[in-house]
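The numbering of the sequence shown is the working numbering, which starts it at -14 and goes up by one.
Yeah, the Cβ is synthetic: ideal placement off N, Cα and C, and Gly gets one too.
Values in this document were obtained by computation on a predicted structure and should not be read as measured data.
For reference, the structure discussed in these notes is given below.
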Amino acid sequence: MRWRGNGCLLFAAFIWGTTFVAQSVGMERLGPFTYGAARFFLGVLALFSLWLLSGGPGRWEESKRSFAVGAAAGCIMFIASAFQQYGMVYTTAGKASFLTCLYLILVPLTGVFLRQHIRVEHWTGAVLAVTGLYFLCVKEGLSLGLGDLLEICGALFWTAHILFIDRFAAKIEAIAMSLAQVVVVFLLNLAMASIFETAQAADITAAWVSIFYSGVFSTGVAFTLQIIGQREADPAPAAVIMSLESLFGALAGWLVLGEMLSGREIFGCVLMGTGMLVSQAGGYAMAAWRKR
């Protein structure tokens, strides 16, 4: 069953990574909260339709707990994404990506304090992946400014989100939880956009392809896959797999936008891929040994 959970997380990371390309195009004329509100609105529509088709209304009593857990997860996600988005106003995209993915180290470190067993291969994979992220994303040095501190705050909340999902994923309905999570993030983005931003209908219409992709696939599909995947994966190796969104983002930028990868960036990609393989090796080796 482990391979299925890892596959869900890997596919989610692929969608999130390719969404970077969509966002880079779609946010040229839209503010972050307006873009987020439009994106998560489509995510709500997609997940609500899926919830209806899966017979969700007939399991209303069972869904109540999932909705409550999802609403709490949505609050954490909104705070994390807000720190991430506004941090990018004051720092580079490369440094933002690197600092956001510090959850690679923060997740196993927090797990130690929560008395979870973190295996050596998990630590090794996380260190390899975060080193690869540095080579892939950071090109101008790692001095810390206001934007970098905001990104680190975001990484703390992304860590909390991963651990929160791990705590409840096996006990709730994935679609119901994901729906509630996305509804909360949509409403909070809408409220912030109405206060701080002014959007024109023409600007939203011009970005509809980007909004559709990020709303339906990144929001509706990928976050549901995260919940399903974390049912069967430990949080530390799950964090390594999900961090591959940076790798997929770099590759998508190369293939779609024509952004060239330097030798340093290719080396970073190799290190990240190696980190993922190492973090999974121990679990598969143990499973193979038990079958003997």
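Who are the Cβ neighbours of Ala165 in its own chain at under 6 Å, not counting the five residues just before and after it? In the sequence shown, counting from the first residue as 1, residue 165 sits at position 180. The answer, listed in chain order, is Phe52, Gly55 and Ala56.
Is the segment 111 to 121 close to the segment 224 to 240, with three or more CB pairs under 8 Å? yes
Check Met257 in the structure and name its three-state DSSP category. Taking the first residue of the sequence shown as 1, we reach residue 257 at position 272. Met257 falls in the helix class under three-state DSSP.
Look at Glu41 and Arg216 and say whether their C-beta atoms are less than 8 Å apart. The residue you call residue 41 lines up with position 56 of the sequence shown. The residue you call residue 216 lines up with position 231 of the sequence shown. In the sequence on display, residue 41 carries Gly and not Glu. The answer is no: Cβ separation not under 8 Å.
When DSSP labels each residue in this structure, what does Gly243 get in the three-state scheme? Position 258 of the sequence shown holds residue 243. In the structure shown, Gly243 sits in coil (DSSP, three-state: anything other than H, G, I, E or B).
Quick check: the segment 25 to 33 against the segment 245 to 263, are at least 3 beta-carbon pairs closer than 8 Å? no
Can you check which of these residues, Gly200, Ala218 and Phe197, is closest to Trp(-12) by C-alpha distance? As a working note, residue -12 is residue 3 in the sequence shown. When only C-alpha atoms are compared, the closest one is Ala218.
I need the straight-line Cα distance from Ser264 to Phe252, nearest angstrom please. As a working note, residue 264 is residue 279 in the sequence shown. As a working note, residue 252 is residue 267 in the sequence shown. Answer to the nearest angstrom: the Cα atoms are 18 Å apart.
Cβ neighbour criterion (16 or more within 10 Å) applied to Phe181: For this step, residue 181 is matched to residue 196 along the sequence shown. With fewer than 16 Cβ atoms within 10 Å of its Cβ, Phe181 is classed as exposed.
Selected residue, minimal CA-CA separation from Ala307, among Phe171, Cys86, Met227 and Ala187: Within the shown structure, residues of the chain are numbered from -14 to 277, placing residue 307 beyond reach of any answer.
Nearest-angstrom Cβ-Cβ length linking Leu135 and Tyr71, presumed shorter than 8 Å: Counting from one through the sequence shown, the residue named residue 135 turns up at place 150. Counting from one through the sequence shown, the residue named residue 71 turns up at place 86. The pair is a contact, with the Cβ atoms about 6 Å apart (cut-off 8 Å).
Between Met245, Gly238, Gly200 and Ala178, which lies nearest to Val6 when the distance is taken from Cα to Cα? In the sequence shown, the residue the question calls residue 6 occupies position 21. The candidate whose alpha carbon is nearest that of Val6 is Gly238.
On the CB-based measure, 16 or more other CB atoms within 10 Å of its CB, does Trp1 come out buried or exposed? To locate residue 1, count along the sequence shown from 1; it is residue 16. Answer is buried; the Cβ neighbour count reaches 16.
Specify the secondary structure class of Val29 as computed by DSSP and reduced to three states. As a working mapping, residue 29 is identified with position 44 in the sequence shown. Helix.
Does the distance from the C-beta atom of Val92 to that of Leu173 stay below 8 Å? As a first step, residue 92 must be located in the sequence shown, where it is residue number 107. As a first step, residue 173 must be located in the sequence shown, where it is residue number 188. Not closer than 8 Å, so no.
Since Leu186 and Leu15 should fall inside the 8 Å C-beta cutoff, what is the C-beta to C-beta distance between them, to a whole number of angstroms? To locate residue 186, count along the sequence shown from 1; it is residue 201. To locate residue 15, count along the sequence shown from 1; it is residue 30. The question names Leu, but residue 186 is Ala in the sequence shown. That pair is no contact at about 11 Å.
Go through its chain and collect everything with a Cβ distance to Val225's Cβ below 7 Å, but skip five positions before and after it. Along the sequence shown, read from residue 1 onward, the residue named residue 225 stands at position 240. Cβ within range, chain order: Leu89, Gly110, Ala111, Ala114, Gly260, Met261 and Ser264.
I need the straight-line Cα distance from Gly139 to Ala207, nearest angstrom please. In the sequence shown, residue 139 corresponds to position 154, counting from 1. In the sequence shown, residue 207 corresponds to position 222, counting from 1. So the alpha carbons of these two residues sit roughly 19 Å apart.
C-alpha distance - Thr19 paired with Ala159, whole-angstrom precision: Locating residue 19 in the sequence shown gives position 34, where the first residue counts as 1. Locating residue 159 in the sequence shown gives position 174, where the first residue counts as 1. For Thr19 and Ala159, the distance between alpha carbons rounds to 27 Å.
Span of the alpha helix (DSSP H) holding Leu229? Along the sequence shown, read from residue 1 onward, the residue named residue 229 stands at position 244. Here Leu229 belongs to no alpha helix (DSSP H), and DSSP marks it neither H nor E.
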